[in-house]
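**Student:**
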Amino acid sequence: MSDTDDRQEQAKLAQLIVSTLSLNLRPSDIDVDAPLFGEGLGLDSIDILEISLAVSQTYGVKLRSDDERNVSIFSSLRALNTHIQQHRVR
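So in numbering that gives the first Met the number 0, spot 56 of the sequence shown is number 55, and the numbers just go up one at a time.
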């Protein structure tokens with residue numbers, strides 16, 4: 000995937016996160032490398048469950064709450080996008 004494609008996919012994912020969680024910010028305000036939890040975007044476990052459902056419906060990628068990789072998968076918008084692109088149903 001080219002850098003341009005990657006940025007476009009990250010922008011789509013940021014829009015999905017903002018709309019799913021009704022966040023009061025623009026998708027472009029999300030730093031692709033900032034943590035999604037805690038001090039970064041400030042999401043909590045309920046937010047992650049909502050994002051997981053939206054990702055499943057949008058991309059066909061199942062994100063399970065008991066996946067030991069969740070800390071790295073949800074570490075940033077870039078990491079989540081990379082995981083989705085590697086596992087999505089096309």
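Using N, Cα and C, we set each Cβ at its ideal position, and we do this for glycine too. Only a predicted model underlies this, so the values are computations on that prediction, with no experimental measurement involved.
With DSSP as the reference, please indicate the residues paired to residue 36 in a beta bridge.
**Tutor:** 42
**Student:** Check whether the region 24-34 and the region 44-63 touch, using three or more Cβ-Cβ pairs below 8 Å as the test.
**Tutor:** no
**Student:** Taking residue 6 as part of the alpha helix (DSSP H), name the residues at either end of that continuous run.
**Tutor:** Unbroken alpha helix (DSSP H) run through residue 6: 2-20.
**Student:** Measuring only the C-alpha atoms, how far is residue 46 from residue 8?
**Tutor:** 20 Å
**Student:** From 64, 89, 39 and 43, pick the residue whose C-alpha is nearest to that of residue 77; which is it?
**Tutor:** 39
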